[in-house]
Structures are given as C-alpha cells and as structure tokens.
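*Asks:* Numbering-wise (my numbering), the sequence shown opens with residue 5 and increments by one.
Quick reminder that beta carbons are idealized off the backbone N, C-alpha and C, glycines included.
None of these values were measured; they are calculated from a predicted model.
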Amino acid sequence: MNGPFSGKLAILGMGYIGLPTAVALATRGVEVIGVDINRDVVAAISRGEVPFVEPDLAISVSGAVAMGRLTATTETPEADAYIIAVPTPFNDDRTADLSFVQAAAEQIAPKLRSGNIVVLESTSPPGTTEKVAQWIGAIRSDLRMPRDVEPNPDIFVAHCPERVLPGRIMIEMITNDRVVGGLTPRCAEHAASIYRVFAQGEILLTDAASAEMAKLVENAYRDVNIAFANELSLICESLHIDVWEVIRLANRHPRVNILSPGPGVGGHCIPVDPWFIVSAAPLLSPLIRTAREVNDRRPHHVAEQVVSKAQRFRSPTIVCLGLTFKANVDDIRESPAIEVVGLIAKALPDVDVLVCDPYVDRVPPLLSGYANIRLANAHEAVEGADIVVLLVEHEPYKSMRHTRLGGKVSYDTRGVWR
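(1) So, Val-396 versus Thr-321, is the Cβ gap smaller than 9 angstroms?
(2) For the stretch 184-247, list the beta strand (DSSP E) runs that are entirely contained and at least 3 residues long, ordered along the chain.
(3) Between Asp-146 and Asn-120, how many whole angstroms is the CB-CB distance? I'm expecting something under 8 angstroms.
(4) I'd like the ranges of any alpha helix (DSSP H) spanning at least 4 consecutive residues and lying wholly in the stretch 44-99.
(5) Per DSSP, what kind of secondary structure is Ser-414 in: helix, strand or coil?
(6) Hey, would you say Gly-270 sits closer than 9 angstroms to Ala-331, going by beta carbons?
(7) Since Ala-26 and Gly-38 should fall inside the 8 angstroms C-beta cutoff, what is the C-beta to C-beta distance between them, to a whole number of angstroms?
(8) Would you mind working out which of Thr-179, Pro-362, Gln-309, Gly-52 sits nearest Glu-206, comparing C-alpha positions?
(9) What are the start and end residues of the beta strand (DSSP E) that includes Arg-259?
(10) Let me know the secondary structure DSSP gives Phe-104 once reduced to three states.
(11) I need the boundaries of the beta strand (DSSP E) containing Glu-35, first residue and last residue.
(12) Taking the beta carbon of Ile-239 as the centre, do at least 16 other beta carbons fall within 10 Å, making it buried, or is it exposed?
(13) Got a sec? Which residues, its chain only, sit under 8 angstroms from Arg-316 by beta carbon, not counting five neighbours each side?
(14) To which residues of the same chain is Pro-91 closer than 6 angstroms at the C-beta, ignoring the five residues directly before and after it?
(15) Just the C-alpha distance for Lys-115 and Lys-135, rounded to the nearest angstrom, thanks.
(16) State the beta-bridge partners of Val-359 as determined by DSSP.
(17) DSSP three-state label for Ile-336, please.
(18) Who does Lys-12 pair with in a DSSP beta bridge?
(19) Is it buried or exposed for Gly-346, if we count other Cβ within 10 angstroms and need 16 for buried?
(20) Would you mind working out which of Glu-53, Val-247, Glu-58 sits nearest Ile-21, comparing C-alpha positions?
(21) Does the distance from the CB of Val-393 to the CB of Asn-376 come in under 9 angstroms?
(22) Excluding the five sequence neighbours on either side, which residues of its own chain have a C-beta within less than 7 angstroms of the C-beta of Pro-362, listed in chain order?
(23) Does the separation of the CB atoms of Arg-337 and His-272 fall below 9 angstroms?
(24) Per DSSP, what kind of secondary structure is Arg-182 in: helix, strand or coil?
(25) Tell me the DSSP secondary structure of Lys-284 in three-state form.
(26) Given this structure, state the Cα-to-Cα distance separating Phe-280 from Tyr-225, to the nearest angstrom.
(27) Less than 9 angstroms separating the beta-carbons of Asp-227 and Ile-274?
(28) Which value, in whole angstroms, describes the spacing of the CA atoms of Val-192 and Leu-209?
(29) Which stretch, first to last residue, makes up the alpha helix (DSSP H) that contains His-272?
(30) Nearest to Gly-266 by CA position, among Trp-248, Ile-140, Leu-253, Arg-252, is which residue?
(31) In this structure, what does DSSP give as the bridge partners for Ile-175?
(32) On the three-pair Cβ rule with 8 angstroms, is the stretch 248-264 touching the stretch 214-223?
(33) Rank Gln-204, Arg-148, Ala-233, Val-122 by C-alpha distance to the C-alpha of Gly-185 and give the top, closest one.
(34) Considering only residues of the same chain and omitting the five flanking positions on each side of Met-177, which have a CB-CB separation below 6 angstroms?
(35) Start and end of the alpha helix (DSSP H) containing His-304?
(36) Classify Ala-349 as buried or exposed, calling it buried when 16 or more other Cβ atoms lie within 10 Å of its own Cβ.
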C-alpha cells in the first residue's frame, strides 16, 4: 500500500494533537470524524470553533467543518481507519496510566471490519501498541490480529507518535518527519498511508516498540539537557554569578548548546515521558531519573526564593506573571508556573498573590483552594506590586519597560529582563 489513504477516518481524542491531525487530513480531502467524550468540545468543533488557543488552527477548523469534511461526535463511528490520540498521564507510582488508551481500543473494537487500520498516537511505553491489539482481539476473536507469525491480518495496528511544539503545531504537523512503527512491516506501511496525505517530512518506517521508545527518548533527551541548565543555574546562584552570561559565553563554543534555565518543565510530554523509560528499566536509568528529579525540584526552589524575598516586607503584594507551561499558548498542563504560585500562596497565606496571564481567564482548578490568590490585570497588578515574578515569557511581559519595575523586587526566572 504505497498511495495516500482515501477512506473515512475517525480520531478518538480532540485535544491538542487529535484536532490538528483531523484538520490536516480533512483539509486535504479525507472525511474525518472527531470523537471526544467532552460534549462541549464536540459542540465547539461542530460550530467550526476551536476549544483552545493554537495559531492557524481556528481558520482551518472552520473551513474543514464548512466543507463537510470534519464532523464531531461523542460516539465512535464505523470507519476505515482509526487514530487514538487520548491522554496517557502517569499513576501515583509514575508508571503509565493506559486506561484512556484501553477505553479507546475497546470503543473501536466493535466497529472494526477486515482491512481497517488502527494507529496509536498517544505517547506510550514500549509494548503499548501490542496491548492495543490484544485489547481489540479480546473483544473481536473473529478478527486476525497482526503478529510476526500472521502474514495476513484482518486489522493493521501501528504507532505514530506526535512530535509537535504547541504554538507551532499546524506548521510542524506538516513539515516534521514522522516515525511510523507497525506490529508488522505491513502494518507500518498501511498506517503510513494516512500520514502521506499531509506530511511533507520523511516518513520513517520501523517496528512499534522502536517508535514508542523513540518518542520517549526525544523528550528524555530534552529533559536531561534542561536539567543541566537548571542545575547550572543553582550553582551560579550560589556563587553569585550570572548564569545567563555564563551560558551566553559557553554557547560560543562550536560544539556547545546549553539550553535556558527556567522555573521548571511543563507540558504534556517532557515532565511525563521520561518516567515511562525509568519505569521500564529502573536500574538502568539513573541519569534520566536524576534529571527528572532536578526539574521537578525547580518550582520549589523558585517559590523558596520568592518567599525569602517577601521577608523584607511587612505585608507585601506579590505578582506572578504567567500561568501556562510555555509562552504564547493557553496550555496549562503540568505547568511549573502554577506549581510555583501554589507553593508561594501556601507558604504565605496572609499575603496577596496576584496572578496574570493573557491566555488564562480564570484561576486554574489547582489554585482554586487558595483564598489569597486572585487573577488580575498585569498592568494594574504590577503598578501596586512589591514583588514581581516572571514565570512565563509571554510577549507582553518580555517587552515590559524596566521603568515599570523600578523600586520593586523583580525575580526573572526566564532571563528576559536582564
């Protein structure tokens, strides 16, 4: 199967990956049905609206819905191919919670017909794609599942991990290379036909376990390098050296590229995926584990620094700029900024903590239990602040004039006010 896919396709999960994937396919002629358990999300998509902020996505969703190529529903339909793009959080012991993936596989199983394709996009530990086939097979014993000894399965199962950056999803969805790993080579080829519809990057075929591991390795690599920068920041702080200047100078070496330190690591991938590797081989992954622990510790250090600065005042007003996990998006998943704010509010229950973010219009649920936290307008909040903490380098905050911070204690975790 060398040509692009041309049948009906259903995507389970209309979040930051599922919806852009649906749009990429629908705007190129594929009939796509988006499935989500959240009725508000389904209703928004049905109106041609996007339930979250992502550049260039809104106009594409509106167009795809208007053309009749994209519809949304809470019920899993019959289709020729299925993509599973549901969350894979971790459990309390930091092993992968695959309950959403299993539920999706079990919803798909009754609808399957011979020749169908099932692709898992959710980031998962090695062996999860095989489990998807097993979960389907347990319900549909009439279908031959792909195995090394089965050259002609009824269903083709593969893994194609997403590898896009929020804020650039619609660009990277098209231009990035894609890894497609099948339970058999034929499974990989059938799954690749879906991505040939829109992918301009190279499509790399491999086995499912290697594709699963490659995605985890990509994020663990970034996590380790961020941990180096964050640890370097602690060292420089203790030695009263400007870490940003040190990094600037060191990066002039032709083979050095140190990343920037920050208040921690957020998002749906980097804080989670390395733990999947650690849980798969706990005795062989001390570096990956330590990097995760360094980055997990970072919000606590930032909060401790702010609390220490607050001791200079009798009753200070603290303003924290930014709540999302990265700049210029509305995504608050695993945001270290939220953790920092919560830790400050907990340590200083009698101090007003004002939070500002141009992409957040209400106090996030994780902070709703603190009576001293209030969402505020950045301009007004900074005017009356004693301490200003930059947690996310949103464009309005990067360009904030130094004169507005005069006479205040400022703590820049991103190095943009230097």
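*Replies:* In brief:
(1) no
(2) 207-211
(3) In fact, because the Cβ distance is near 13 angstroms, the residues do not count as touching under 8 angstroms.
(4) 61-70
(5) strand
(6) no
(7) 5 angstroms
(8) Thr-179
(9) It is not in any beta strand (DSSP E) - Arg-259 carries neither H nor E in the DSSP assignment.
(10) helix
(11) 35-39
(12) exposed
(13) Val-413
(14) Phe-104
(15) 18 angstroms
(16) Cys-324, Leu-379
(17) coil
(18) Glu-35
(19) buried
(20) Glu-58
(21) no
(22) His-398, Pro-400
(23) yes
(24) strand
(25) Correcting the residue identity first, residue 284 is Ala in this sequence and not Lys. Three-state result, Ala-284: helix.
(26) 13 angstroms
(27) yes
(28) For the record, residue 192 in the displayed sequence is Ala; it is not Val. If I take the Cα positions, the gap works out to 6 angstroms.
(29) Taken as a continuous stretch (DSSP letters only), His-272 belongs to no alpha helix (DSSP H), as it is neither H nor E.
(30) Trp-248
(31) According to DSSP, which records beta bridges pairwise, Ile-175 is partnered with nothing at all.
(32) no
(33) Val-122
(34) Pro-24, Ala-28, Val-168
(35) 290-314
(36) buried
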